[in-house]
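For the sequence shown, the positions run 285 to 479 when our numbering is used.
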Amino acid sequence: MDLSAPPPGRPVLYVVARAPVMGAAKTRLARDVGPAEAMRLYRAMMARILRAVRDPRWDIALAVTPDATARARIPVWPSGIPRIPQGGGDLGARQARLLARRGPTALIGADAPDVTASDVARAFAALRRAGSAVGPAADGGYWLLALNGPAPAGLFDGVRWSSPHTLADLAPRLPGPVVRLRELADLDGKPAGHV
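Listed below in structure tokens is the structure:
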């Protein structure tokens, strides 16, 4: 299936991920626990999240960075889940590209290991009556963002990423009404979570 242009009515969940390469992923967490332990935790979180959110009610893909890893053999990434490159730019530009499709689209990261398929189902159900759904993170960011795309132009302009203000900056710009899901902890080890 080509997840760069899936059918408009079919929900799509993108798991936004950085390649699990020592020294390139979870660098903030590595400062506290060391690079080897940070990689072990990241791989375990990613495996747990991918198991938890697979569901026949939606298509799923890994949106990966660096882009070259979309075609690389990465043993900890399941072979049954398609991978697409995130593309260049800051986090906002990369998320905007993923949310450019028409139809229900959700993004999650690999930092909220308590996310479940029920959480994702609630987000997609909310989009039947709302313009967007967001899962707030305890640190001021968000662990899920879902829209009935395409995302409005400039949605992510001026968002202060990795700060306690991330969700507060984004929330007033989200297409309404906005449904808030349960709050989850972001285990990335930085001041504010993001997908």
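Every residue, glycine too, gets a C-beta built ideally from N, C-alpha and C.
According to the neighbour-count rule (16 or more other Cβ atoms, all chains shown, within 10 Å of its Cβ), is residue i buried or exposed?
i: G433; result: buried
i: S402; result: exposed
i: A301; result: buried
i: A352; result: exposed
i: A437; result: exposed
i: P448; result: exposed
How long is the line joining the alpha carbons of residue i and residue j, rounded to whole angstroms?
i: I368; j: D316; result: 31 Å
i: D423; j: P397; result: 15 Å
i: P340; j: W427; result: 21 Å
i: G473; j: A322; result: Here G473 scores only 46 on pLDDT, less than 50, and its place in the model is too uncertain to base an answer on.
i: A320; j: A384; result: 36 Å
i: P475; j: A414; result: With a pLDDT of 37 at P475, under the threshold of 50, the modelled position of that residue is not reliable, and the figure given next carries that caveat. Between P475 and A414, the C-alpha separation is close to 29 Å.
i: R464; j: P388; result: 16 Å
Helix, strand or coil: which one does DSSP assign to residue i?
i: G376; result: helix
i: S416; result: strand
Would residue i and residue j qualify as a contact pair, given that the criterion is a beta-carbon distance under 7 Å?
i: L313; j: I344; result: no
i: A417; j: A407; result: yes
task = Just list the alpha helix (DSSP H) runs in the segment 290-345, keeping only unbroken ones of 4 residues or longer that don't cross its boundaries, in chain order.
result = 311-317 and 319-337
task = Would you mind listing the alpha helix (DSSP H) stretches within the segment 388-476 that are 4+ residues and don't spill past its ends, in chain order?
result = 401-410 and 450-454
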